[in-house]
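Residue numbering for the sequence shown follows the numbering used here, beginning at 15 and increasing consecutively.
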Amino acid sequence: MTQRADFRIELFSPKNIHGVAELAKRCFSTPWSEEIYRRELENPQSVGFVCVNGDMVVGMIHCNYVLDELTLNTLCVDAAYRRHGIAKQLWFAVTEMMQGVCTVCYLEVRESNLAARTLYESLGFAQNGYRPRYYSLPEEAAVLMEAKL
Numbered sequence: 015m016t017q018r019a020d021f022r023i024e025l026f027s028p029k030n031i032h033g034v035a036e037l038a039k040r041c042f043s044t045p046w047s048e049e050i051y052r053r054e055l056e057n058p059q060s061v062g063f064v065c066v067n068g069d070m071v072v073g074m075i076h077c078n079y080v081l082d083e084l085t086l087n088t089l090c091v092d093a094a095y096r097r098h099g100i101a102k103q104l105w106f107a108v109t110e111m112m113q114g115v116c117t118v119c120y121l122e123v124r125e126s127n128l129a130a131r132t133l134y135e136s137l138g139f140a141q142n143g144y145r146p147r148y149y150s151l152p153e154e155a156a157v158l159m160e161a162k163l
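Listed below in structure tokens is the structure:
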């Protein structure tokens, strides 16, 4: 059982790259590499936060924005730390930072990922499209969602 008191939400920084890449490997069939995350840290239109328990990255969110549109690229929490509100805390950190900058957020999610879709709906997202065969490993459709910020 995890202890909530140890959780810290921090801005994604170079010190977190390895932990973020390792978390992505645990959560996704086609994770981004450390190099991709390193490039994203250098992107001025990229924003991300991590949730750390001790020295371990247990959650992360990564977004990009153009003009007033935010795109949620990644939101994940290690399986052992789910159901503690970490994903919502990460989302709220991003929306607080982007307040007054972005007015809408878009995302794609695997059609079969009902837990994520339910979470996104609880955060105010609604389905606005569908892309057959968007994902690989395994091949699967993407549900497109958007939320007003």
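Where a beta carbon is used, it is the ideal one built from N, C-alpha and C, also for glycine.
*Simplified DSSP state of Asn57, which is helix, strand or coil*: Looking at Asn57 - three-state DSSP - the assignment turns out to be coil, as it is neither helix nor strand.
*Can you tell which of Gly33, Val80, Leu163 has its C-alpha closest to the C-alpha of Glu110?*
Residue Leu163 is the option with its Cα nearest to Glu110.
*asked:* Nearest by alpha-carbon distance to Met74: which of Lys39, Glu56, Leu81 is it?
replied: Considering only Lys39, Glu56, Leu81, the residue with the shortest C-alpha distance to Met74 is Lys39.
*Is there contact here, the region 122-130 with the region 138-156, by at least three beta-carbon pairs under 8 Å?*
yes
*What distance in whole Å lies between the Cβ atoms of Leu86 and Leu121, which are believed to be in contact at a cut-off of 8 Å?*
4 Å
*Taking the runs of the beta strand (DSSP E) that are 3 residues or longer, which of them lie wholly in the region 18-81?*
Positions of the beta strand (DSSP E) runs, each at least 3 residues long and wholly inside the region 18-81, are given as 21-25, 60-67, 70-80 in order along the chain.
*My understanding is that Ala107 touches Phe63, with C-beta atoms under 8 Å, so please give their C-beta distance in whole angstroms.*
4 Å
*Give the secondary structure of Leu104 by DSSP, where H, G and I count as helix, E and B as strand, and everything else as coil.*
helix
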